[in-house]
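Per my numbering, the sequence shown starts with residue 327, numbered consecutively. Just so you know, even glycine gets a beta-carbon here, dropped at the ideal spot from N, CA and C. The structure under discussion appears below in the form of structure tokens.
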Amino acid sequence: EAEESESAARVEALRLDADVRDARINELVAMLDTATDGVVTVDERGRILSLNKTAEALFGYDQREVTGELFTLLFAAESHAPALDYLEGLKGGGVASVMNDGREVVGRVRQGGKIPLFMTMGQIAEGTDRRFCAVLRDITAWKKTEGELVEARKAAEKASAQKSDVLAKISHEIRTPLNAIIGFAEVMAEERFGPIANERYKEYLRDIHQSGGYVISLVNDLLDLAKIEAGKLDLDFVSVNLNEIALSTVSLLQPEAQRGRVVLRSGLSPKLPPVVADQRSIRQIVINLLSNAVKFTDAGGQVIISTALGDQGEAILRVRDTGIGMDDKEIALALEPFRQVPTTRRAGGTGLGLPLTKALVEANRAAMSITSVKKEGTLVEITFPPQRVLAGEVGGGGSAEGRRESRTPAHRCRSSSAKR
Numbered sequence: 327e328a329e330e331s332e333s334a335a336r337v338e339a340l341r342l343d344a345d346v347r348d349a350r351i352n353e354l355v356a357m358l359d360t361a362t363d364g365v366v367t368v369d370e371r372g373r374i375l376s377l378n379k380t381a382e383a384l385f386g387y388d389q390r391e392v393t394g395e396l397f398t399l400l401f402a403a404e405s406h407a408p409a410l411d412y413l414e415g416l417k418g419g420g421v422a423s424v425m426n427d428g429r430e431v432v433g434r435v436r437q438g439g440k441i442p443l444f445m446t447m448g449q450i451a452e453g454t455d456r457r458f459c460a461v462l463r464d465i466t467a468w469k470k471t472e473g474e475l476v477e478a479r480k481a482a483e484k485a486s487a488q489k490s491d492v493l494a495k496i497s498h499e500i501r502t503p504l505n506a507i508i509g510f511a512e513v514m515a516e517e518r519f520g521p522i523a524n525e526r527y528k529e530y531l532r533d534i535h536q537s538g539g540y541v542i543s544l545v546n547d548l549l550d551l552a553k554i555e556a557g558k559l560d561l562d563f564v565s566v567n568l569n570e571i572a573l574s575t576v577s578l579l580q581p582e583a584q585r586g587r588v589v590l591r592s593g594l595s596p597k598l599p600p601v602v603a604d605q606r607s608i609r610q611i612v613i614n615l616l617s618n619a620v621k622f623t624d625a626g627g628q629v630i631i632s633t634a635l636g637d638q639g640e641a642i643l644r645v646r647d648t649g650i651g652m653d654d655k656e657i658a659l660a661l662e663p664f665r666q667v668p669t670t671r672r673a674g675g676t677g678l679g680l681p682l683t684k685a686l687v688e689a690n691r692a693a694m695s696i697t698s699v700k701k702e703g704t705l706v707e708i709t710f711p712p713q714r715v716l717a718g719e720v721g722g723g724g725s726a727e728g729r730r731e732s733r734t735p736a737h738r739c740r741s742s743s744a745k746r
């Protein structure tokens with residue numbers, strides 16, 4: 327009797343365990359059936375063991391119809407290999423199982439249609455009865471949005487290219503007659519074909535020449551911006567000595583600084599190596615930054631241009647002034663083409679100086695940053711990464727005959743930068 331009682335107790339315990347397992351299985355199945363993603367379980371050979379309700383609705387199959395079939399039945403032909411490779415990678419362990427970032431696949435519904443899916447797989451049972459679970463998300467809506475964004479980007483790029491092309495053509499049309507106006511005004515002002523009796527006419531000619539020079543400078547800036555946006559600006563990368571360009575620019579702008587009673591000086595590192603860059607555009611960058619700094623610094627203030635070699639081997643050019651400065655909002659406004667900070671409009675300009683400067687900086691594979699404080703001044707830094715620094719040529723020259731890199735058009739440069 328004792329043995330029969332003990333045996334009955336064991337049977338009852340097993341029955342209870344089986345009931346608990348069944349309850350847990352039913353609970354898990356119910357949870358999976360409420361999931362919004364399709365869930366498919368497969369064995370290690372890739373044969374289907376189960377589908378949740380969402381997977382049945384997604385593919386149009388009843389679970390009983392596909393149990394035992396290869397799970398590639400659920401995918402279009404072009405996704406068979408990626409799906410099987412994914413499973414094999416998980417079975418093999420190692421990097422493939424650790425770097426499990428999912429796959430985009432194409433599902434095939436029973437009626438013959440196709441659905442874009444994102445599939446993630448994982449192992450859910452080990453040992454001799456290894457099983458894997460595939461979670462399949464319908465990404466039709468996401469793909470549609472992605473396609474619309476791609477088309478919108480293409481349309482925007484096409485419009486931008488057309489705008490740049492029109493701008494370049496208009497600028498060329500303006501520049502041709504302007505050059506004639508400037509040239510004839512210069513000939514007349516120099517009285518090459520006879521004297522001009524009235525002094526007032528000489529004054530008018532000087533005004534014509536000066537205004538023409540300003541407009542031609544604006545047109546050239548517009549052309550450069552258009553070329554950079556269109557990826558058509560030709561840069562000749564050579565060994566460029568930043569110190570030499572800084573010194574020559576200081577000499578060039580010293581009269582302007584003196585007229586405004588601004589102290590313009592330099593602090594250059596004698597150990598600065600040359601950089602690989604386009605000589606003409608680097609000179610234009612330095613002139614733009616220094617003239618900007620002088621323009622926005624009141625009498626008695628200072629403008630300092632300096633160079634340094636960074637800890638990581640980068641070459642740094644800095645222009646610091648004690649001018650009117652800007653807050654963060656004004657910097658953001660200044661970094662938009664044709665926009666000017668209200669407090670700087672008295673100085674004139676078109677709002678093209680800094681946009682063009684930053685675009686040229688980036689075209690030379692360098693980076694530009696602006697730090698500014700209202701009523702204290704502004705610091706602009708141009709940083710050339712170590713890859714652009716010729717470390718073995720300290721003090722090297724910047725002539726066009728210097729060390730050259732291949733002559734190639736600059737990459738398209740999109741930057742949000744502008745004149746103060």
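Check, Outcome
"Host alpha helix (DSSP H) of Val365 (start-end)", "Run containing Val365: none in the alpha helix (DSSP H); it sits in the beta strand (DSSP E), 364-369."
"Neighbour-count burial assignment, Asn567, 16 or more Cβ in a 10 Å radius", "buried"
"Every unbroken beta strand (DSSP E) within the region 618-688, with a cutoff of 3 residues, ordered by chain", "628-635, 641-647"
"Residue range of the unbroken beta strand (DSSP E) whose run includes Gln713", "Element bounds for Gln713: n/a, residue is neither H nor E."
"DSSP-derived helix/strand/coil call for Asp388", "coil"
"Test item: CB-CB of Val602 and Leu462 under 8 Å", "no"
"DSSP-derived helix/strand/coil call for Arg518", "coil"
"Outcome for Ala506 when other beta-carbon atoms lying within 10 angstroms are tallied against a minimum of 16", "exposed"
"Cβ-based neighbour list, Thr471, same chain, cut-off 7 Å, excluding 5 preceding and 5 following", "none"
"Neighbourhood of Arg336 by C-beta, 7 Å cutoff - its chain only, sequence neighbours within 5 removed", "none"
"Between the CA atoms of Thr709 and Arg646 - distance to the nearest angstrom", "14 Å"
"Reduced DSSP secondary structure (H/G/I, E/B, other) of Arg417", "Here residue 417 is Lys; the residue named in the question, Arg, does not match the sequence. Reduced to three states, the DSSP call for Lys417 is helix."
"Residue interval of the beta strand (DSSP E) (run including Ser543)", "From DSSP, Ser543 is part of no beta strand (DSSP E) but of the alpha helix (DSSP H) over 525-556."
"Element boundaries [alpha helix (DSSP H), containing Ile465]", "No alpha helix (DSSP H) contains Ile465, which DSSP labels as neither H nor E."
"Inter-residue CB distance, Leu443 and Val435 (contact presumed, cutoff 8 Å)", "The pair is not a contact, with the Cβ atoms about 11 Å apart (cut-off 8 Å)."
"Inter-residue spacing [alpha-carbon to alpha-carbon] between Ala272 and Lys484", "The displayed coordinates of the chain run from 327 to 746. Any statement about residue 272 would go beyond what the structure contains."
"Buried or exposed (CB count within 10 angstroms, at least 16 for buried), Tyr412", "buried"
"Which of helix, strand or coil DSSP assigns to Val435", "coil"
"Proximity to Leu635 [Cα-Cα], best of Gln580, Gly593, Asn614", "Gly593"
"The region 482-499 in contact with the region 390-407 per 3-pair CB rule at 8 Å", "no"
"Length of the line joining the Cα atoms of Gly679 and Glu702", "21 Å"
"Three-pair Cβ contact test at 8 Å for the region 571-581 versus the region 536-550", "no"
"Burial state of Gln713 (16 or more Cβ within 10 Å)", "exposed"
"Asp604, buried or exposed, once every other Cβ within 10 Å from all chains shown has been counted against 16", "buried"
"Straight-line gap, Arg479 to Lys469 (C-alpha atoms, nearest Å)", "15 Å"
"N-terminal and C-terminal residue of the beta strand (DSSP E) that Val589 is part of", "589-593"
"Alpha carbon of Asp343 to alpha carbon of Arg350, nearest angstrom", "11 Å"
"Three-state secondary structure (DSSP) of Pro442", "strand"
"C-alpha gap between Ala689 and Asn378, whole angstroms", "55 Å"
"Proximal residues to Ala428 (C-beta, below 7 Å), its chain only, five neighbours per side dropped", "Going by the sequence as given, residue 428 is Gly instead of Ala. If we look at Gly428 and ignore the five residues flanking it on each side, its Cβ neighbours are Phe444, Met445, Thr446."
"At least 3 beta-carbon pairs within less than 8 Å: the region 690-699 vs the region 617-627", "no"
"Arg671 to Lys621 span [Cα, whole Å]", "Summary for Arg671: the model assigns pLDDT 48, below 50, so the residue's position carries little reliability, and this model does not support an answer."
"Asp604 in three-state terms, based on DSSP", "strand"
"Thr454 (DSSP reduced to helix, strand or coil)", "coil"
"DSSP bridge partner residues for Gln449 (one or two, in chain order)", "Phe458"
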